[in-house]
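Asker: Next up is a structure, given as structure tokens.
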Amino acid sequence: MTTQEILKRITPDLDQIIAYLEGEVNKMRTGRADPSLVSDLKVNCFGQEFTIKQLAVVSASSAREIVIQPWDVSYVEAILAALGTSSLGSGMLAEKNLIRVSLPALTEESRKNFLRILSEKMEEQRIAIRKARDRVWKEIQADEREGIIREDDKFRGKDELDKLVKKYNEKIEELGERKKKEVMT
Numbered sequence: 011m012t013t014q015e016i017l018k019r020i021t022p023d024l025d026q027i028i029a030y031l032e033g034e035v036n037k038m039r040t041g042r043a044d045p046s047l048v049s050d051l052k053v054n055c056f057g058q059e060f061t062i063k064q065l066a067v068v069s070a071s072s073a074r075e076i077v078i079q080p081w082d083v084s085y086v087e088a089i090l091a092a093l094g095t096s097s098l099g100s101g102m103l104a105e106k107n108l109i110r111v112s113l114p115a116l117t118e119e120s121r122k123n124f125l126r127i128l129s130e131k132m133e134e135q136r137i138a139i140r141k142a143r144d145r146v147w148k149e150i151q152a153d154e155r156e157g158i159i160r161e162d163d164k165f166r167g168k169d170e171l172d173k174l175v176k177k178y179n180e181k182i183e184e185l186g187e188r189k190k191k192e193v194m195t
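This is the structure:
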């Protein structure tokens, strides 16, 4: 197996790490209402567990308000219960067939807390990338020891691997910077 084939195998893993981080970052509450804040909340309805997005249409009606429109009025109570146990710190208003979730403005303390959590999530994904890099580097070294690839190819593969890892670490930084700007505005 060539180093190029090994690098092609790691790329989906790295893409998955970035996708996971994007999902986690999108769930973090900033000063703006975003449907992803509540879409994946678990709702216990009729003895089964659903996400809100499976039971309703979720949209942001303004910068600080999320509107949840259940497909059936019988879901309203279960959705309200799930929202009540969430950590959004929001006010809820149930109307006839929809729920309005008002998000409070962020305090300086909560902004700092979000930034700390964001940094932790970014570092977790950097560690995951390093682990993937180490695994691939060991594969490349093992291939060189077994005579599958030459020593020159081993070092060329290491350089390409480092470039790939750097590219994905830059993506993590971009995500983090974008979210930091969102939190601070």
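Going from the sequence shown to this note's numbering is simple: count from 1 and add 10. The beta carbon of each residue, even a glycine, is placed where N, CA and C say it ideally should be.
For Phe60, which beta-bridge partners are listed by DSSP?
Answerer: Translated into positions along the sequence shown, residue 60 becomes position 50. According to DSSP, Phe60 bridges with Val53.
Asker: So, does the segment 130–146 touch the segment 103–115, judging by three or more C-beta pairs under 8 Å?
Answerer: Touching, no.
Asker: Counting only the same chain and skipping the five closest in sequence on each side, list residues whose C-beta sits under 7 Å from that of Glu32.
Answerer: Counting from 1 along the sequence shown, the entry for residue 32 is found at position 22. Leu185.
Asker: Would the segment 118–129 count as touching the segment 84–97 if we require 3 or more Cβ pairs under 8 Å?
Answerer: Flag = no, the segment 118–129 and the segment 84–97 do not touch.
Asker: How many Å lie between Tyr178 and Glu87 at the Cα?
Answerer: What you label residue 178 is simply residue 168 of the sequence shown in a count that begins at 1. What you label residue 87 is simply residue 77 of the sequence shown in a count that begins at 1. Computed Cα separation, rounded: 43 Å.
Asker: Just the C-alpha distance for Arg188 and Ala66, rounded to the nearest angstrom, thanks.
Answerer: If you number the sequence shown from 1, residue 188 lands on position 178. If you number the sequence shown from 1, residue 66 lands on position 56. Their backbone Cα atoms lie some 29 Å apart in a straight line.
Asker: Which residue comes first and which comes last in the alpha helix (DSSP H) that contains Val86?
Answerer: Start at 1 with the first residue of the sequence shown, and residue 86 comes out as number 76. Start and end: Val86 to Thr95.
Asker: Check the C-beta distance from Gln201 over to Ile182 and give it rounded, since I have them as a contact under 8 Å.
Answerer: No answer is possible for residue 201: it lies beyond the span of the chain, which begins at 11 and ends at 195.
Asker: Within the continuous beta strand (DSSP E) that includes Glu75, where are the two ends?
Answerer: Here residue 75 is taken as the residue at index 65 of the sequence shown, counted from 1. Counting along the chain, the beta strand (DSSP E) containing Glu75 begins and ends at Glu75 to Pro80.
Asker: Within 10 angstroms of the Cβ of Asp153, are there 16 or more other Cβ atoms? Answer buried if so, exposed if not.
Answerer: For this step, residue 153 is matched to residue 143 along the sequence shown. So Asp153 ends up on the buried side.
Asker: With DSSP as the reference, identify every bridge partner of Val68, one or two as the case may be.
Answerer: The sequence position of residue 68 within the sequence shown is 58, counting from 1. Val68 is bridged to Ile78.
Asker: How is Arg160 classed by DSSP in three states: helix, strand or coil?
Answerer: One-based indexing of the sequence shown puts residue 160 at position 150. Three-state result, Arg160: coil.
Asker: How many angstroms separate the CA atom of Asn36 from the CA atom of Gly57?
Answerer: Here residue 36 refers to the residue found at position 26 of the sequence shown. Here residue 57 refers to the residue found at position 47 of the sequence shown. Using only the alpha carbons, I get a separation of about 29 Å.
Asker: With distances taken Cα to Cα, identify the nearest neighbour of Ile76 among Phe165, Gly101 and Val53.
Answerer: On the sequence shown, position 66 is the one that residue 76 refers to. Minimum Cα distance to Ile76 is reached at Gly101.
Asker: Can you list, in chain order, the residues of its chain with a C-beta nearer than 7 Å to that of Val175? Leave out the 5 residues immediately preceding and following it.
Answerer: Within the sequence shown, numbered from 1, the residue matching residue 175 stands at position 165. Contacts found: Ile139 and Arg143.
Asker: How would you label Val111, buried or exposed, when you count the other beta carbons within 10 angstroms and need 16 or more for buried?
Answerer: On the sequence shown, position 101 is the one that residue 111 refers to. Buried, since its Cβ has 16 or more Cβ neighbours within 10 Å.
Asker: Between which two residues does the alpha helix (DSSP H) carrying Ala142 extend?
Answerer: Your numbering for residue 142 matches position 132 in the sequence shown. Glu118 to Arg155 is the extent of the alpha helix (DSSP H) around Ala142.
Asker: Return the Cβ separation of Ile16 and Gly157 in integer angstroms, given the expectation that the two are a contact with Cβ distance under 8 Å.
Answerer: One-based indexing of the sequence shown puts residue 16 at position 6. One-based indexing of the sequence shown puts residue 157 at position 147. Actually they are not in contact, since the Cβ atoms of Ile16 and Gly157 sit about 16 Å apart, beyond 8 Å.
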